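Going by the working numbering, the sequence shown opens with residue 22, and the numbers climb by one from there.
Think of the CB as a built atom: it goes at the ideal place given N, C-alpha and C, for glycine as much as any other residue.
Since this is a predicted model, take the numbers as computed values, not measurements.
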Amino acid sequence: MSKADDQFLDLVATVYDAALATELWPQVAADAGRALNSSQVMLGVTDRSGREVTRASSDEWGERLDLSSYTTPESNPGVAFAALTPPMTVGLTERMVSDRDLERSEFYQTLMRPLGLWRAAIVNVHRDESVLAPMGFLRTRKERPFGERELLDLRRLAPHLNRALRVSLRLRELETRAESCAQMADRALVALVLTDATGRIAETNGLARAILAERDGLVIRDGVLRAARSEDGAELARLIREATGSRVLPMSGVMRVSRPSQRRPLPVVISPTRNALSPFGHSHAVCVSFADPERAPEADADLLARLYGFTPREARVAASLLQGRSPAAAAAELAMTENTVRTHIRHAFEKTGVERLSDFVRLLMQGPGVRAR
């Protein structure tokens, strides 16, 4: 095996490493530049609206470039090539645009000319309904044009780049979804903890972290969800095992966890997370949900005002009532008379179509203007 073959295999290995470790794509660009004798190599991924998704360059110059004006087919010949050709197609700029037209283009004058770059080979690494991903290999005027042997190497490399980039983009999408789901869970008015069959914690939402940090009733020890009292701990462990057990229909369990502070107990529901009728067998994860009856939700007064058409003062009164305060207590907190507070409540009733304070609070509790504290 020749040195060139060894270099190519090493490059392919780095490409697949980058599929799982996105920080390695600049290394892919640098290694590809050395393997194909290119002064500059750049991989750019843009969405169909022209927004840059990611970029990897063979050197710091490419990373520092402001490409915000060159992310569409109209402004960038590489993006145009990716938009018009099937994935894994390889092309040369001299076959796409005349030398005269290239020299007149803003892309050449702004980006290529300052570094003396002239010839380019482009690989359409990936194209789908969401993104375009060209990879450009550039040479200076002093360097020879790309030959057939190098184009053959690029065609050999293209399928590996395509597979690795698709994996990389898919992982990025999954990570983004996971972050979005975590943010959504943090807005829940109930504490959520995901554990395995032994109670070892995999995920928690914001309210769960806040309650567990108090170590009052439920605690984390060695990464495992436990109860402060041993008898509660034994019951919690049993319910978690049953929810993740081998029975055909794993059952949800309920319990009340007492608290050393003597505050009201924590109501807890332990539920399997997988469909009980799944062909893949019994559930191996459990969701432990609980709430602190002493912890009132927090309302966004500005959001309440915009949602229901409240005035700022009406929104402040509504937010105070959601904290569990009576009209008299709300008046004291907000430095208003009780009659003024009741007037604001009456106006809020008219705007929300309710007639009783309990219905008003329930309506607000079920709306998006409330979040966990």
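- What first and last residue would you give for the alpha helix (DSSP H) that runs through SER201? 169–207
- Task: Consult DSSP for TRP276 and reduce its assignment to one of helix, strand or coil.
- Result: A small correction: the amino acid at residue 276 is Met; Trp does not occupy that position in the sequence shown. Three-state result, MET276: strand.
- Cα separation between VAL214 and ARG259? 16 angstroms
- Message: Please report the straight-line C-alpha distance between VAL100 and TYR91, rounded to a whole angstrom.
- Response: 9 angstroms
- DSSP three-state assignment for MET133, whether helix, strand or coil: helix
- Message: I need the straight-line Cα distance from ILE366 to ARG280, nearest angstrom please.
- Response: 36 angstroms
- Supposed contact pair ALA212 and LEU228 - C-beta distance, whole angstroms, cut 8 angstroms: 4 angstroms
- Message: Just to confirm my understanding: we take VAL289, look at its own chain, exclude 5 residues before and 5 after, and list those with CB closer than 6 angstroms. What are they?
- Response: MET276, VAL278 and PHE311
- Item | Identified DSSP bridge partners for ASN145 | PRO155
- Could you tell me which residues DSSP puts in a beta bridge with ARG221? VAL245
- Span of the alpha helix (DSSP H) around LEU215: Run containing LEU215: none in the alpha helix (DSSP H); it sits in the beta strand (DSSP E), 212–216.
- Counted within 10 angstroms of its Cβ, other Cβ atoms place THR35 as buried (16 or more) or exposed: buried
- Determine, using beta carbons only, whether ARG148 and ALA154 come nearer to each other than 8 angstroms. yes
- Query: Is it right to say LEU343 is buried, meaning 16 or more other beta carbons lie within 10 angstroms of its own, or is it exposed?
  - Reply: buried
- What whole-angstrom Cβ distance do GLY238 and PRO180 have, given they're in contact under 8 angstroms? Rounded, the Cβ-Cβ distance is 56 angstroms, inconsistent with contact.
- Along the beta strand (DSSP E) that carries THR75, what are the first and last residues, could you check? 73–78
- Query: Got a sec? Which residues, its chain only, sit under 6 angstroms from VAL362 by beta carbon, not counting five neighbours each side?
  - Reply: VAL338, PRO348, ALA351 and ALA352
- For SER341, is the classification buried or exposed, using 16 other Cβ atoms within 10 angstroms of its Cβ as the cut-off for buried? buried
- Consult DSSP for ALA320 and reduce its assignment to one of helix, strand or coil. strand
- Task: Using DSSP bridges, identify the partner residues of PHE128.
- Result: Per DSSP, none; premise fails for PHE128.
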